[in-house]
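Residue numbers (our numbering): 147 to 583.
Ideal Cβ placement from N, Cα and C applies to all residues, glycine included.
Just so it is clear, the structure is predicted and the values come from calculations on it, not from any experiment.
Have a look at the structure below, then the notes.
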């Protein structure tokens, strides 16, 4: 044994077979000489279980000198004396999941398959187009809350925006990012980690505690028959001018008539339609709350809604009722057509497609429907979700009461008070001499 200085290591010559030279200063530190003449530094030790292990520090080169290798060996020796196993830790690190591998496993899991088909499609897009570019190569067990915050900020600021081919004929995806997308991506990451923890693969969820803006309750609705009339007239006009396809027009009509979720209509399959009994029956594995309740989602169809479905192009049981453009694949796209309808109909600011669903729930409440009836029609499983419609109806009733009482209140005012009441935009009573004339 000798001290493995640079001069000593340089003098060692291969003898046609592998050999080891050990340092007399740092226990376990040595250099391995290959038959080819390559020299590699190693550290040999006993694991806590008493097994002999050999840790490769690295090959002798301009970037790894004997002194650098010696310092690394000292660090390893201290680690061993503390009761650790450097080689075992390295093996564990090699086997550790990256975030990409975590996401691959989650997407292939029965837990992810439990989500509704529309949810799977959207979450898969968030994962592949936003989470993988920002966190994919990191080791999953080393991702911190700060890492997730940085990814969230990057997605918000458009750091993941792209124009990508989808692999389908003429298929493109314009990836934009934004605050809403970033928050939903964090929620998808949180779900993936939660699944991995439940399976025993990981111990901590770095997405917990990352602030997500709560979606505001949308109280913008179609508040009267005139608003609905403008909606359906706009759909008719855009369909007649071929600004939107007839299939798209019918899908939007059905949304307004039933209060169904957009994904439930866009992803509607023929095998779920029962026109004879006037209903849609979506199996538990294909709708939002099915896995929690274990029950199918039943959507009642008024006669007009039945006619809309009946006039669609027939297909196989598994085919979509509302077919997308040829070569587009997946669900029918409704977002851009809705924007055209919204503008043409001059609908209320802030009214979204989801607002059509809220409109149905709100009008049910205002017509006296019970909480249970509203939950049944809209497919809600939590009373607090459906209670918003009851609250909205109460507010509307209060407003109506104020309007109804306005005439009576006017009669309660004294003559002097009445004289002071000036309709908006009009002048007060002229001077006395003008009145006498």
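- A distance below 7 Å between beta-carbons, with the five flanking residues on each side excluded, links residue 223 to the following residues of its chain, in chain order: 172, 173 and 174.
- If you check the CB distance, residue 404 and residue 468 do not come in under 9 Å.
- Under DSSP, the beta-bridge partners assigned to residue 178 are 166 and 186.
- 358 is the residue among 358, 351 and 205 whose C-alpha sits nearest the C-alpha of residue 302.
- In this structure, the CA atom of residue 272 is about 11 Å from the CA atom of residue 265.
- For residue 466, DSSP records a beta bridge to 415.
- Residue 228 is positioned such that its CB atom lies no closer than 9 Å to that of residue 187.
- When the Cα atoms are used, residue 524 and residue 445 turn out to be separated by approximately 8 Å.
- Between the beta-carbon of residue 465 and that of residue 418 there is about 11 Å, and that puts the pair past the 8 Å contact cut.
- Taking the Cα of residue 161 as reference, the smallest distance to any Cα among 149, 184 and 153 is reached at 184.
- Secondary structure of residue 202 (DSSP, three-state): strand.
- According to DSSP, residue pairing for residue 244 in a beta bridge involves 285.
- If you draw a straight line from the Cα of residue 425 to the Cα of residue 488, it comes to about 28 Å.
- Using a 10 angstroms sphere on the CB of residue 170, the tally of other CB atoms stays under 16, which defines it as exposed.
- Put simply, the backbone Cα of residue 197 is about 29 Å away from that of residue 211.
- Using a Cβ distance threshold of 9 Å, residue 456 and residue 421 count as a contacting pair.
- The Cβ-Cβ distance between residue 280 and residue 306 falls below 9 Å.
- For residue 456, the enclosing alpha helix (DSSP H) stretches over residues 449-456.
- Residue 269 sits in a helix when the DSSP states are folded into three classes.
- For residue 444, no alpha helix (DSSP H) encloses it; the enclosing beta strand (DSSP E) starts and ends at 443-446.
- Taking the Cα positions, residue 508 is about 46 Å away from residue 287.
- Taking residue 396 as the centre and dropping the five residues before and after it, the same chain places the C-beta of 454 closer than 6 Å to its C-beta, in chain order.
- The alpha-carbon separation between residue 353 and residue 514 amounts to approximately 42 Å.
- Closest in alpha carbon position to residue 334, among 226, 388, 276 and 181, is 276.
- Shortest Cα-Cα distance from residue 150 to any of 521, 376, 181 and 176 involves 176.
- Contiguous alpha helix (DSSP H) elements confined to the region 487-516 occur at 499-512, taking only those with 4 or more residues.
- Between the alpha carbons of residue 338 and residue 297 lies a distance of about 16 Å.
- In the DSSP assignment, residue 301 falls within the unbroken alpha helix (DSSP H) covering 291-302.
- The three-state reading of DSSP puts residue 207 in strand, counting E and B together.
- The C-beta of residue 423 has fewer than 16 other C-beta atoms within 10 Å across all chains shown, which makes the residue exposed.
- Going by DSSP, residue 216 is part of the alpha helix (DSSP H) stretching over 212-227.
- In the DSSP annotation of this structure, residue 391 is not part of any alpha helix (DSSP H), being labelled neither H nor E.
- Cβ neighbours of residue 503 within its own chain (closer than 6 Å, five residues either side excluded): 405.
- Around residue 484, the same chain offers 499 as residues with beta carbons nearer than 6 Å, after the five sequence neighbours per side are excluded.
- Here DSSP, grouped into helix, strand and coil, assigns residue 254 to coil.
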